[in-house]
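**Student:** I am attaching a structure below and will ask some questions about it afterwards.
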Amino acid sequence: MNFKRLETFVWVATLGSFRKAAERQCTTQPAISSRIAALEEELGAKLFVREVGPGPVALTAKGKELLPYAEKIIFMSEELRKRANLSLSLGGLLRLGVSETIVHTWLPDFLRRLHSEMPNLDVELTVDVTSNLRTGLLERALDLAFLMGPVSDPAIVDLELCTFGLVWVASPALDLPQRRVSLAELTRWPIITYARSTKPYAEISQQFRAQDGPPVRFFSSSSLAACHRLTLDGVGVSTLPQVMIAAELADGRLKRVEADWTPSALAFTASYPTVPCNPLAELAAQLAVAVAGEAATA
Numbered sequence: 001m002n003f004k005r006l007e008t009f010v011w012v013a014t015l016g017s018f019r020k021a022a023e024r025q026c027t028t029q030p031a032i033s034s035r036i037a038a039l040e041e042e043l044g045a046k047l048f049v050r051e052v053g054p055g056p057v058a059l060t061a062k063g064k065e066l067l068p069y070a071e072k073i074i075f076m077s078e079e080l081r082k083r084a085n086l087s088l089s090l091g092g093l094l095r096l097g098v099s100e101t102i103v104h105t106w107l108p109d110f111l112r113r114l115h116s117e118m119p120n121l122d123v124e125l126t127v128d129v130t131s132n133l134r135t136g137l138l139e140r141a142l143d144l145a146f147l148m149g150p151v152s153d154p155a156i157v158d159l160e161l162c163t164f165g166l167v168w169v170a171s172p173a174l175d176l177p178q179r180r181v182s183l184a185e186l187t188r189w190p191i192i193t194y195a196r197s198t199k200p201y202a203e204i205s206q207q208f209r210a211q212d213g214p215p216v217r218f219f220s221s222s223s224l225a226a227c228h229r230l231t232l233d234g235v236g237v238s239t240l241p242q243v244m245i246a247a248e249l250a251d252g253r254l255k256r257v258e259a260d261w262t263p264s265a266l267a268f269t270a271s272y273p274t275v276p277c278n279p280l281a282e283l284a285a286q287l288a289v290a291v292a293g294e295a296a297t298a
């Protein structure tokens, strides 16, 4: 039995689309259709209901019955390769999504280690906010993501990666009081923060809107580097990961602001889908856990 046809069967069933399966397997839609037709002929059973229109492809009753067997065959094949310690021979493309906080911390160390241990692997890197990375995982547009997790879905594995504490900081040029300040006092300046679609923004905006006094002005951005630059240039007050701004705090370019409330720490996970089985994502996730742990103790 042709392994590639079984793998195609699983991808079409998972993604609900011949077109998406073709994109995932770097081939054409006619090639996917040909593989499925050949597998159906070999098995003597129809696996998919083919209806005219753009809607998702549905499994037949027999397709639903056979899908777990195909998934098990693929899983056992990948387990055999892993147990044979073939990581050096593993190749292909890993579509990796990363929150920008990690880009500014231990991601370079991770990519160096990944290249060292899997030199035949290509990496397609996407830097985005957690909400978009989560969607990419669920739609199987990403194989692995380092994001603010966990992802609450039974088909997604979440491995704890790291936690970054946030601190209020500002440029000395803003001349904030040399004492503990309230959130209400901080409304004198724009609050530079994460994008509106993120958990930190929701938490920060909720706290400020509960304060008496004038409304706060938010300067939100999906780019952490932009938030960092704006804070250094004295545009406003922000909360940034302390690990990212240690040098600026040490040399006085930024000043820590002691406020009566600080946002929750950012907790990250390495998350990847379990179906279809992807040993590249699993091995890379385990490596990320190791690299993140080393960075935390350095």
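Here UniProt numbering is used: the first residue of the sequence shown is 1, the next is one more, and so on.
Glycine is no exception: its CB is placed at the ideal position from the N, C-alpha and C atoms.
It should be emphasised that the depicted structure is a prediction, and the values quoted were computed from it without experimental measurement.
1. Can the beta-carbon of residue 92 be found less than 8 Å from the beta-carbon of residue 137?
2. DSSP three-state label for residue 255, please.
3. Can you tell me the Cα-Cα spacing of residue 241 and residue 76, whole angstroms?
4. Can you tell me which of 159, 148, 69 puts its alpha carbon nearest to the alpha carbon of residue 128?
5. Please tell me whether residue 94 and residue 143 are closer than 8 Å, where the distance is taken between their beta carbons.
6. Quick check: residue 263 and residue 203, are their CB atoms within less than 8 Å of each other?
7. According to DSSP, simplified to helix, strand and coil, what is residue 245?
8. Which runs of the beta strand (DSSP E) fall wholly inside the segment 7-85 and span at least 3 residues, in chain order?
9. Going by the DSSP bridge assignment, what does residue 93 pair with across the sheet?
10. Considering only the beta carbon of each residue, do residue 163 and residue 250 sit closer than 8 Å?
11. Per DSSP, which residues does residue 219 bridge with? Please list them.
12. My output table needs one value for residue 279: the three-state DSSP class, helix, strand or coil.
13. Within the same chain, show all residues whose beta-carbon is closer than 6 Å to that of residue 278, passing over the 5 residues directly before and after it, in chain order.
**Tutor:** Put simply:
1. One thing to note: residue 92 has its Cβ no nearer than 8 Å to the Cβ of residue 137.
2. Three-state DSSP puts residue 255 in a strand.
3. Taking the straight line joining both Cα atoms gives about 41 Å.
4. Ranking 159, 148, 69 by Cα distance to residue 128 puts 148 first.
5. Yes, they are a contact pair.
6. Yes, the pair counts as a contact, with Cβ atoms nearer than the cut-off.
7. Collapsing the DSSP output to three states places residue 245 in coil.
8. Entirely contained in the segment 7-85, not one beta strand (DSSP E) run reaches 3 residues.
9. Note: residue 93 sits in a beta bridge opposite 122.
10. No.
11. According to DSSP, residue 219 shares a beta bridge with 192.
12. For residue 279, the secondary structure class from DSSP, reduced to helix, strand or coil, is helix.
13. Here the set comprises 143.
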